[in-house]
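Numbering (the numbering used here), first residue to last: 28 to 231. Here's the structure, in structure tokens; my notes come after.
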């Protein structure tokens, strides 16, 4: 479970069991908010599970685990600084846990990369952001459930505002040479993701 890896990650530094547990409880509370329909604990677990088959290819697994746990810590559809605030939270907790500036900064870059999902020079970032996007390549029923959950999170916006914004996001992905940067995720999800996105654009 992600919880086990997260606790192990923080306890590998300076945090004792109680302090690490407190950090996890804070994450559970944050992601369980009633406004979270997609960006919830279930999403975190899904990202973690997607990465398990390639865990041996990831250079610093514990840093990636922290990125998973904190990458959507702040999520408000009305704000554009969610990634920055979430990344800052991760850095604060990692420094408290004794990770050091270099590893905390790497986690910061992982999280900030979810803003544009562009190819990174850091292979770990590419694995992490690909896992974050794996939902795009799921079966049609799962994808439709994802669309419904995302729309609920953006319910503050009426359709005449939501739909153009959503189209812009989807076209950004289709315009990328590859949605998935790593060969593993590309082979698994690229074709299905483009089909799902194409169908969604027709629905909007």
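For every residue, glycine included, the Cβ atom is placed at its ideal position computed from N, Cα and C.
Simplified DSSP assignment, three categories, for residue i
{"i": "residue 42", "result": "coil"}
{"i": "residue 143", "result": "coil"}
{"i": "residue 226", "result": "helix"}
{"i": "residue 60", "result": "coil"}
{"i": "residue 239", "result": "No information on residue 239 is available, as it lies outside the stretch 28 to 231 that the chain covers here."}
{"i": "residue 155", "result": "helix"}
{"i": "residue 66", "result": "coil"}
{"i": "residue 37", "result": "helix"}
{"i": "residue 221", "result": "helix"}
Span of the alpha helix (DSSP H) around residue i
{"i": "residue 111", "result": "109-123"}
{"i": "residue 97", "result": "88-97"}
{"i": "residue 130", "result": "128-139"}
{"i": "residue 192", "result": "186-202"}
{"i": "residue 83", "result": "Where residue 83 is concerned, there is no enclosing alpha helix (DSSP H), given that its DSSP letter is neither H nor E."}
{"i": "residue 149", "result": "Note, residue 149: premise wrong, no alpha helix (DSSP H); not H, not E."}
{"i": "residue 168", "result": "167-180"}
Selected residue, minimal CA-CA separation from residue i, among the options
{"i": "residue 29", "options": "191, 43, 42, 48", "result": "48"}
{"i": "residue 133", "options": "85, 103, 171", "result": "85"}
{"i": "residue 103", "options": "62, 124, 78", "result": "62"}
{"i": "residue 204", "options": "144, 189, 165, 226", "result": "144"}
{"i": "residue 114", "options": "107, 106, 130, 137", "result": "137"}
{"i": "residue 230", "options": "207, 218, 171", "result": "171"}
{"i": "residue 83", "options": "150, 167, 196", "result": "150"}
{"i": "residue 153", "options": "65, 38, 56, 87", "result": "87"}
{"i": "residue 42", "options": "178, 52, 121, 157", "result": "121"}
Nearest-angstrom Cα separation, counted from residue j out to residue i
{"i": "residue 161", "j": "residue 200", "result": "13 Å"}
{"i": "residue 92", "j": "residue 75", "result": "7 Å"}
{"i": "residue 220", "j": "residue 147", "result": "20 Å"}
{"i": "residue 218", "j": "residue 35", "result": "36 Å"}
{"i": "residue 81", "j": "residue 191", "result": "36 Å"}
{"i": "residue 185", "j": "residue 97", "result": "29 Å"}
Neighbour-count burial assignment, residue i, 16 or more Cβ in a 10 Å radius
{"i": "residue 267", "result": "As displayed, the chain neither begins before 28 nor continues past 231, which places residue 267 out of reach and without an answer."}
{"i": "residue 69", "result": "exposed"}
{"i": "residue 129", "result": "exposed"}
{"i": "residue 94", "result": "buried"}
{"i": "residue 188", "result": "exposed"}
{"i": "residue 118", "result": "buried"}
Residue i Cβ short of 7 Å to the ligand PLP heavy atom set
{"i": "residue 87", "result": "Judged by which ligands are present, the structure shown has none, so any question about the ligand PLP falls away."}
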